[in-house]
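Note that our numbering has the sequence shown beginning at 273, numbered continuously upward. Note that beta-carbon positions come from the ideal geometry of N, C-alpha and C, so glycine has one too.
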Amino acid sequence: MTYTIKTTQNEWEIVCGLEIHCQIISKSKIFSAASTEFGDDANENVSFIDAGMPGMLPVLNKECVRQAVKTGLGLNAQINKYSVFSRKNYFYADQPNGYQITQYEYPIVGKGSVKIELADGTSKDIGITRIHIEQDAAKSIHDLNPKKSYIDFNRAGVGLMEIVTEPDFRSPEEAGAFLKKLRSIVRYLGTCDGNMDEGSMRCDASVSVRIKGEQKMRERAEIKNVNSVKFAMQAIENEAKRQVEIYESGGTVQQQTCRFDQTTGQTKFMRLKEYADDYRYFPEPDLPPLILTDEYIEGIKAEMVELPDAKKERFIKEFGLSSYDADLLTDSIETADFFEKAAKGHDGKKVANWILGDLFALLNANKLTLETSPVTPSMIGELVDLITNGTISGKIGKDVFALMWQTGQEPAQIVEEKGLKQVTDSSAIEKIVDDVLASNPDNLSAYRAGKTNLFGWFVGQVMKASKGSANPGLVNELLKQKLG
Ligand code: MN
Numbered sequence: 273m274t275y276t277i278k279t280t281q282n283e284w285e286i287v288c289g290l291e292i293h294c295q296i297i298s299k300s301k302i303f304s305a306a307s308t309e310f311g312d313d314a315n316e317n318v319s320f321i322d323a324g325m326p327g328m329l330p331v332l333n334k335e336c337v338r339q340a341v342k343t344g345l346g347l348n349a350q351i352n353k354y355s356v357f358s359r360k361n362y363f364y365a366d367q368p369n370g371y372q373i374t375q376y377e378y379p380i381v382g383k384g385s386v387k388i389e390l391a392d393g394t395s396k397d398i399g400i401t402r403i404h405i406e407q408d409a410a411k412s413i414h415d416l417n418p419k420k421s422y423i424d425f426n427r428a429g430v431g432l433m434e435i436v437t438e439p440d441f442r443s444p445e446e447a448g449a450f451l452k453k454l455r456s457i458v459r460y461l462g463t464c465d466g467n468m469d470e471g472s473m474r475c476d477a478s479v480s481v482r483i484k485g486e487q488k489m490r491e492r493a494e495i496k497n498v499n500s501v502k503f504a505m506q507a508i509e510n511e512a513k514r515q516v517e518i519y520e521s522g523g524t525v526q527q528q529t530c531r532f533d534q535t536t537g538q539t540k541f542m543r544l545k546e547y548a549d550d551y552r553y554f555p556e557p558d559l560p561p562l563i564l565t566d567e568y569i570e571g572i573k574a575e576m577v578e579l580p581d582a583k584k585e586r587f588i589k590e591f592g593l594s595s596y597d598a599d600l601l602t603d604s605i606e607t608a609d610f611f612e613k614a615a616k617g618h619d620g621k622k623v624a625n626w627i628l629g630d631l632f633a634l635l636n637a638n639k640l641t642l643e644t645s646p647v648t649p650s651m652i653g654e655l656v657d658l659i660t661n662g663t664i665s666g667k668i669g670k671d672v673f674a675l676m677w678q679t680g681q682e683p684a685q686i687v688e689e690k691g692l693k694q695v696t697d698s699s700a701i702e703k704i705v706d707d708v709l710a711s712n713p714d715n716l717s718a719y720r721a722g723k724t725n726l727f728g729w730f731v732g733q734v735m736k737a738s739k740g741s742a743n744p745g746l747v748n749e750l751l752k753q754k755l756g
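The following block contains the structure:
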């Protein structure tokens with residue numbers, strides 16, 4: 273789907289790339305043994321290294337390296353066996369060393385690609401430029417005191433993966449789809465919890481515009497630290513429109529850094545890029561280059577879980593799902609596991625319908641998750657079997673499902689106790705048919721006189737008299753015989 277901003281003079285397209293900082297899941301920080309626990313009291317988890325005390329030496333946490341390699345493999349990327357830590361020098365109170373340890377010329381992960389699915393059914397590959405690992409800064413708190421800023425060092429030194437994409441996004445939708453896909457992948461991998469609202473996944477977007485057909489890129493604005501997928505899409509769209517307006521009124525866009533204002537949905541100018549860019553990078557003297565072996569990388573490859581794309585393909589083949597349903601079911605590993613448990617040995621397509629329809633509707637309405645759902649995977653599998661083998665009708669199935677939800681009882685038990693079994697005994701149905709015909713002589717003679725569209729009405733009466741339990745096929749057959 274092409275997305276353009278049309279004006280009376282021109283048709284503009286967006287050129288956008290993303291940089292995403294993902295907090296690495298690890299028990300301790302990337303260069304110290306302090307805990308990474310989120311939500312502890314301020315400044316509870318701070319080592320001398322995190323506080324920038326002189327003379328302290330960083331020690332690289334192996335787990336953070338493993339997690340970054342895993343993420344690189346999950347993004348189909350080149351793993352660099354040689355990478356180097358660098359100092360990025362800048363002064364800010366949340367970074368008492370006066371520098372951040374990061375990677376610059378030699379990142380741990382190189383080029384990769386991620387497939388995104390779009391609403392019109394098409395897909396697109398987004399290029400990954402690199403992933404480097406670095407330490408997070410402390411958290412500045414400006415809104416507790418009108419005259420002071422506070423700093424919480426619990427976050428200082430937490431391991432980050434900075435994932436950088438190519439400027440491949442041509443619409444806010446593509447950027448949104450990528451962020452969702454990336455979040456799904458890191459959650460599958462267990463390398464980042466992906467919670468944008470808690471700041472464990474933070475997105476910067478570089479946005480420029482150009483007239484359709486132009487090859488060169490124009491000046492861009494970088495929007496910092498957007499904390500939801502929706503806001504990222506909004507920020508890209510509004511920044512692009514702002515730039516188009518400037519160009520169309522004869523102005524020029526300067527390379528700059530902005531922030532996103534959640535209340536107005538607009539981007540706000542922070543600083544011109546040319547003043548902020550000189551970080552005087554140099555190799556970190558306190559850490560040797562990071563060397564990985566083929567065996568090490570192969571070992572991590574061997575432990576990789578099945579990722580959303582592969583799982584989706586398998587679900588389509590194994591269970592005959594539509595691409596759309598398979599997408600929804602593989603979005604989170606919890607949903608995929610729930611579905612697979614429910615579908616094993618049953619009709620997968622029908623199982624998918626129950627989960628995506630009735631179950632998700634009830635979970636959402638009651639603010640529950642699959643983990644807290646009173647309906648278990650095996651209950652859904654059994655319910656599908658009861659319908660497929662004719663024990664109950666699909667319509668009764670809905671009632672049974674509602675009772676499963678309310679009581680947590682097995683479907684077979686509900687059917688038994690409530691007497692919901694479908695009547696397939698033709699003599700029992702025949703008796704009901706006879707009763708219905710005998711008590712409606714007017715309609716019977718009307719039918720025989722040629723008003724054959726009353727057939728459906730008779731079917732309805734028989735179903736009603738059987739309280740929905742009569743097998744509809746048999747009802748049709750018997751009525752045809754008796755009326756004919
Ligand atoms: Mn960074």
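I'd like to confirm something about residue i: is its beta-carbon nearer than 6 Å to some heavy atom of the ligand MN, or not?
i, result
"Glu434", "yes"
Using only the alpha-carbon positions, how far apart do residue i and residue j sit?
i, j, result
"Val381", "Phe591", "35 Å"
"Pro326", "Glu606", "45 Å"
"Gln527", "Phe611", "48 Å"
"Val771", "Lys693", "Since the displayed the chain opens at 273 and closes at 756, residue 771 lies outside it and no answer follows."
"Leu640", "Arg459", "20 Å"
"Gln281", "Lys616", "58 Å"
"Gly392", "Asp558", "Contrary to the premise, residue 392 reads as Asp rather than Gly in this sequence. Cα to Cα, the separation comes out at about 51 Å."
"Tyr596", "Glu689", "37 Å"
"Lys452", "Asn510", "20 Å"
"Gly745", "Gly629", "26 Å"
"Ser711", "Ala737", "12 Å"
"Trp729", "Ala637", "36 Å"
"Asp756", "Leu631", "As written in the sequence, residue 756 is Gly, which differs from the Asp given in the question. When rounded, the distance between both Cα atoms is 43 Å."
"Arg492", "Ser521", "18 Å"
"Met576", "Thr679", "39 Å"
"Gln681", "Tyr371", "60 Å"
Where do the N-terminal and C-terminal ends of the beta strand (DSSP E) with residue i fall, by residue?
i, result
"Ser717", "It is not in any beta strand (DSSP E) - Ser717 instead sits in the alpha helix (DSSP H) that spans 713–720."
"Ala323", "Element bounds for Ala323: n/a, residue is neither H nor E."
"Ala477", "473–483"
"Ile413", "411–413"
"Tyr371", "371–375"
"Gln528", "528–532"
"Phe541", "539–544"
"Asp397", "395–407"
"Ser813", "In the structure as shown, the chain begins at 273 and stops at 756. Residue 813 is therefore absent and cannot be evaluated."
"Tyr422", "422–424"
Would you check if the distance between the CB atom of residue i and the CB atom of residue j is smaller than 7 Å?
i, j, result
"Glu285", "Thr279", "no"
"Tyr422", "Ile435", "no"
"Val747", "Val731", "yes"
"Asp366", "Ala323", "no"
"Asn497", "Phe425", "no"
"Ala349", "Gly384", "yes"
"His618", "Gly653", "yes"
"Leu579", "Gly346", "yes"
"Ser355", "Thr374", "no"
"Val695", "Gln733", "no"
"Ala684", "Pro649", "no"
"Ala306", "Ser298", "no"
"Phe532", "Ala512", "no"
"Arg586", "Asn361", "no"
"Ile405", "Met433", "yes"
"Cys336", "Ile292", "no"
"Lys545", "Cys530", "no"
"Val234", "Ser456", "In this structure the chain extends from 273 to 756, so residue 234 is not present and cannot be described."
What residue range is occupied by the uninterrupted alpha helix (DSSP H) comprising residue i?
i, result
"Met651", "649–660"
"Phe587", "580–591"
"Thr343", "334–346"
"Ala305", "Unbroken run through Ala305: none, as it is neither H nor E."
"Thr679", "666–679"
Q: Could you tell me whether the region 656–669 touches the region 701–719, where touching means 3 or more Cβ pairs closer than 8 Å?
A: At 8 Å Cβ cutoff, the stretches do not touch.
Q.
So, does the region 595–604 touch the region 615–630, judging by three or more C-beta pairs under 8 Å?
A. Contact between the region 595–604 and the region 615–630 is present, because at least three Cβ pairs lie under 8 Å.
Q. When the Cβ atoms of the region 443–459 are set against those of the region 350–358, are three or more pairs found closer than 8 Å?
A. Counting Cβ pairs under 8 Å, fewer than three are found: no touch.
Q: Inspect the CB distances between the region 464–475 and the region 497–513 and report whether three or more fall short of 8 Å.
A: Yes, the region 464–475 is in contact with the region 497–513.
Q. Between the region 453–467 and the region 333–344, are three or more C-beta pairs nearer than 8 Å?
A. With a cut-off of 8 Å, the region 333–344 and the region 453–467 count as touching, because enough Cβ pairs lie within range.
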